[in-house]
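Peer 1: Take the working numbering: the final residue in the sequence shown is number 657, and no numbers are missing along the way.
Okay, handing you the structure first.
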Amino acid sequence: MPNDPYLDASVAWRIRTGNIDFHESGYRQTVQSILENGLATGVDGMISSGKEADVYLANYKGAPLAVKVYRLYQTSHRGGRPIKLNSAGWMAAHEHDMLLQAWKGGAPVPTPAARVENMLSMRYLGGGGGPAPRLQDYRPPDPARLMERVLQGVTALGRAGVVHTDLSPYNILVAEGDPWFIDLSEAIRVDRTGDSPYTRLTEAERALRAGLGALERYFRRFGLEFDPETIAAPLMREWDRFGVMR
């Protein structure tokens, strides 16, 4: 995560001029903000509420969308600089970028649509019966097939240069029998490792192995096993193009 992430310039300007209020928006205010910023033409209701963000079922001219809204938090404001944040604008921007990169790389993630400040819209995974269930809550009719598809998805994410830092059955949805990976707000990019490739790749490897461990424990419920090394080792070789981890 960058050491000094900032809000959008428009938000920063409103902070400096005092034209912003850091209270938590209620449902009506959030819906109004979604509509006014052009992310949707209608909002049907809230799908889920988490520690850092809420997800709404919306539509754009009749086409269903999910809109994720991160909550704003004020953490510092010195010398008129833009406000530093732990979530909100930076997390929305980062998640949108990671979704776009993963989607372009062919990984099973919700297609990103748009991002404005602390809000982003994406493909809605669900139907008339409600949102797609989390893997944690899903009873697969064919666990072996689903395990294969999940592991293929992990590999596809990695080959797209994206490592999920909280990979678990709670952050995978199952729609029409196939897994979809969500919540990439703190994902690590590994196709470009920056000035500290060893640190970046070490963090990525740790996150990948932890996530594979969580998935391994989940599929044990159904009497299934897989070797995490068969997934992790090829990806690490692909990421470590210059041999900094050897």
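Glycine included, C-beta positions come from ideal geometry on N, C-alpha and C.
Which term fits A644, buried or exposed, when burial requires 16 or more other beta carbons within 10 angstroms of its beta carbon?
Peer 2: Taking the first residue of the sequence shown as position 1, residue 644 is located at position 233. It is exposed - the Cβ of A644 has fewer than 16 other Cβ atoms within 10 Å.
Peer 1: Quick check: the stretch 621-630 against the stretch 578-593, are at least 3 beta-carbon pairs closer than 8 angstroms?
Peer 2: At 8 angstroms Cβ cutoff, the stretches touch.
Peer 1: When DSSP labels each residue in this structure, what does L571 get in the three-state scheme?
Peer 2: In the sequence shown, counting from the first residue as 1, residue 571 sits at position 160. According to the sequence as given, residue 571 is Ala; it is not Leu. Three-state result, A571: coil.
Peer 1: When the distance is taken between beta carbons, is G624 closer than 8 angstroms to A567?
Peer 2: Counting from 1 along the sequence shown, the entry for residue 567 is found at position 156. Counting from 1 along the sequence shown, the entry for residue 624 is found at position 213. Cβ atoms of A567 and G624: not closer than 8 angstroms.
Peer 1: When DSSP labels each residue in this structure, what does P580 get in the three-state scheme?
Peer 2: Mapped onto the sequence shown, residue 580 falls at position 169. Three-state result, P580: helix.
Peer 1: Tell me which residue opens and which closes the beta strand (DSSP E) that G456 is part of.
Peer 2: Locating residue 456 in the sequence shown gives position 45, where the first residue counts as 1. Taken as a continuous stretch (DSSP letters only), the beta strand (DSSP E) holding G456 covers G453 to S460.
Peer 1: Please confirm whether A524 and S532 have their CB atoms less than 8 angstroms apart.
Peer 2: For the purposes of this step, residue 524 is identified with residue 113 of the sequence shown, where counting begins at 1. For the purposes of this step, residue 532 is identified with residue 121 of the sequence shown, where counting begins at 1. For A524 and S532, yes; Cβs fall inside 8 angstroms.
Peer 1: How many angstroms separate the CA atom of V478 from the CA atom of E640?
Peer 2: In the sequence shown, counting from the first residue as 1, residue 478 sits at position 67. In the sequence shown, counting from the first residue as 1, residue 640 sits at position 229. Taking the straight line joining both Cα atoms gives about 36 angstroms.
Peer 1: Going along the chain, which residues of its own chain have a beta-carbon closer than 6 angstroms to the beta-carbon of Q547, five neighbours each way excluded?
Peer 2: Position 136 of the sequence shown holds residue 547. So the list reads P580 and Y581, once near-sequence residues are dropped.
Peer 1: Along the beta strand (DSSP E) that carries V478, what are the first and last residues, could you check?
Peer 2: Here the question's residue 478 lines up with position 67 in the sequence shown. Unbroken beta strand (DSSP E) run through V478: A474 to Y481.
Peer 1: Is S532 helix, strand or coil by DSSP?
Peer 2: The sequence position of residue 532 within the sequence shown is 121, counting from 1. Note: S532 maps to strand in three-state DSSP.
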